[in-house]
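Read through the structure below, which is laid out as structure tokens, and then see the notes.
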Amino acid sequence: MYHYVGKTALITGASSGIGEVFARALAKRGMNLILVARTESKLRALAQELGSQYRVNVEVLSIDLGNPGAAQSVRQTTRDAGWRVDLLVNNAGFSTLGAFETIPPELEQQCVMVNIAALLDLTHAYIPDMLEQGEGAIINMASVLSFVGGGRQATYAATKAFVFSLSQALWSDYRKRGIRVFALCPGPVATGFFEVMGADAKLNFMGLMDKPERVVKVGLKAFEKGKPYKLVGWFTKATALSTRILPRTLMSRVVHFMTVFIYKPNGKRR
206 MYHYVGKTAL ITGASSGIGE VFARALAKRG MNLILVARTE SKLRALAQEL GSQYRVNVEV
266 LSIDLGNPGA AQSVRQTTRD AGWRVDLLVN NAGFSTLGAF ETIPPELEQQ CVMVNIAALL
326 DLTHAYIPDM LEQGEGAIIN MASVLSFVGG GRQATYAATK AFVFSLSQAL WSDYRKRGIR
386 VFALCPGPVA TGFFEVMGAD AKLNFMGLMD KPERVVKVGL KAFEKGKPYK LVGWFTKATA
446 LSTRILPRTL MSRVVHFMTV FIYKPNGKRR
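When we follow our numbering, the leftmost residue of the sequence shown carries the number 206, and every step to the right adds one.
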């Protein structure tokens, strides 16, 4: 089990989608929150709502994790304010989309900065504190694409493979030192992420779209049991299993075909 009451969670990408659902779920469990995202107005509205509803302390940090040094700034702010972080939820992330040569390189760099560099820097920043405290926990948002290269989402899929691999290594390194590390691996989730890409209707039709509330509920249940990761949804489980049975080249072709059929490339960051 994991005891939430009175502890503090820092959640990135907390202004919407899965990050917002994490904030609601953890506040309901009695955790104080530090909400991190780019849109301050959304964060403050959510902070006021959750603080009033669940009688927990909710702090807000408006910052773009795609900027160099952003993670260090978050760490310095929490240190200066005396905020202890018991649970780090690395949820912030976004995807580029389209044929690789058509995507602006600077947008790909932003994807890497948010999905990998910021997650890595925040993890480095808070693990020493957790070791000193004698306990701590980290939840990293991975993906079904952690297991197979995503056609027309090459960089995003690569970042999620990094997140999953890192999470498993840290779980092994720290599980006997008081720190839980957990990777949550959903498939497509109805958060607006796929609506921007013009894919939500097709994914719903194919029965692949999951609800963020279910993803977080299933994820937290597995996290509480001390599991290293959780595959959410039949599509994610089937994909992960297929990579053990079928040639990776075949799986990459299948994912490429599905992506071309489902998505409308736009190359925009949400």
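All residues carry an ideal CB built from backbone N, CA and C; glycine is no exception.
- Inter-residue distance for N295 and W376 is about 15 Å (C-alpha atoms, whole angstroms).
- Per DSSP, V368 is one residue of the alpha helix (DSSP H) stretching across 359-379.
- In summary, Q358 is buried, with 16 or more beta-carbon neighbours lying within 10 Å of its beta-carbon over all protein chains present.
- Sorting R419, R280, T244 by C-alpha distance to the C-alpha of T396 places R419 at the top.
- Cβ contact annotation for A366 (same chain, cutoff 6 Å, sequence separation greater than five): S351, in chain order.
- Counting along the chain, P417 sits inside no beta strand (DSSP E); it lies in the alpha helix (DSSP H) bounded by residues 417-429.
- For S220, the secondary structure class from DSSP, reduced to helix, strand or coil, is coil.
- E337 and T360 have their C-alpha atoms spaced approximately 35 Å apart.
- Here the alpha carbon of A276 sits roughly 22 Å from the alpha carbon of D378.
- In the DSSP assignment, V317 falls outside any beta strand (DSSP E) and lies within the alpha helix (DSSP H) extending over 310-317.
- For K432, the three-state secondary structure derived from DSSP is coil.
- By DSSP's assignment, V394 forms a beta bridge with D415.
- For M236, there is no enclosing beta strand (DSSP E), as DSSP marks it with neither H nor E.
- Contact annotation: the stretch 314-323 does not touch the stretch 239-248, with fewer than three C-beta pairs closer than 8 Å.
- T282 and C390 have their C-alpha atoms roughly 30 Å apart.
- Residue pairing by DSSP places M346 opposite L389 in a beta bridge.
- Between the beta-carbon of V437 and that of D415 there is about 6 Å, and that keeps the pair under the 8 Å contact cut.
- By the 16-neighbour rule on beta-carbons within 10 angstroms, M206 is exposed.
- Classified as buried, F369 has 16 or more neighbouring CB atoms from the shown chains inside 10 Å of its CB.
- The beta carbons of M236 and T213 sit closer together than 8 Å.
- In this structure, the straight-line span from the alpha carbon of G287 to that of Y209 is close to 19 Å.
- For the stretch 258-327, the continuous alpha helix (DSSP H) assignments of 4+ residues that do not extend past its boundaries occur at 275-286, 310-317, in sequence order.
- Taking the Cα positions, P273 is about 21 Å away from P333.
- Around the beta-carbon of D326, 16 or more other beta-carbon atoms lie within 10 Å, marking it buried.
- Taken atom to atom, the span from the alpha-carbon of R382 to that of A342 is near 11 Å.
- With a contact defined as Cβ atoms closer than 8 Å, G354 and S457 qualify at about 5 Å.
- Excluding its 5 nearest sequence neighbours in each direction, L231 has C-beta neighbours in its own chain below 7 Å: Y209, A214, L238, listed in chain order.
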